[in-house]
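Student: For the sequence shown, my numbering begins at 1171 and goes up steadily by one. Glycine residues also receive a C-beta, built at the ideal position from the N, C-alpha and C atoms. As the structure is a computational prediction, the values presented were derived from the model and not from experiment.
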Amino acid sequence: MTAIARLQLTAIDTPDPFALARFYSALTGLPVAEDSEDDWVELDAGGAATLAFQRAPQKRAPAWPEEGALHFHLDLEVGDLDIGEAAVLEAGATKPETQPGTTFRVFLDPDGNPFCLVLAGSDVVGGA
């Protein structure tokens, strides 16, 4: 299949771009780009698709797990769910009570956006 475009980045709206960038930097190991600005902060993925964080002062967290409340979420692969869970909680994530699967776990970033840790090699169906 011929590509129409190449994924450059995923931008996440947030009231505090640097704070959320530092959180995802801790999770992914990608550094915050040195040329970031107050309203736009990117992680440096060395030219690969990356994450960016855009200032949106009025942004509200989705009401997950309410039906239809989720706009999108990130799946981050880990080799061990228990070790990954401990690390993301230490980085500032929270774990909601609702956990709809066994090969992945749902967490909320500091802004309340859901993301999943997915066990390497598993197929996730019906995640966050």
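1. To the nearest angstrom, how far is it from the Cα of Gly1199 to the Cα of Val1248?
2. Quick one: measure Cβ to Cβ for Arg1225 and Pro1187, integer angstroms, because I've assumed they're closer than 8 Å.
3. For Ile1182, count neighbouring Cβ atoms within 10 angstroms of its own Cβ and tell me buried if that reaches 16, exposed if not.
4. Short check: CB of Leu1197 to CB of Val1288, under 8 Å?
5. Please list the segments of the alpha helix (DSSP H) lying wholly inside the segment 1217-1261, counting only runs of 4 or more residues, in order along the chain.
Tutor: So, to answer that:
1. Residue 1199 sits at position 29 when you count from the first residue of the sequence shown. Residue 1248 sits at position 78 when you count from the first residue of the sequence shown. If you take the alpha carbons of Gly1199 and Val1248, they lie about 13 Å apart.
2. What you label residue 1225 is simply residue 55 of the sequence shown in a count that begins at 1. What you label residue 1187 is simply residue 17 of the sequence shown in a count that begins at 1. At roughly 5 Å, the Cβ-Cβ gap stays under 8 Å, so Arg1225 and Pro1187 are in contact.
3. Counting from one through the sequence shown, the residue named residue 1182 turns up at place 12. Answer is buried; the Cβ neighbour count reaches 16.
4. Locating residue 1197 in the sequence shown gives position 27, where the first residue counts as 1. Locating residue 1288 in the sequence shown gives position 118, where the first residue counts as 1. Cβ atoms of Leu1197 and Val1288: not closer than 8 Å.
5. 1251-1261
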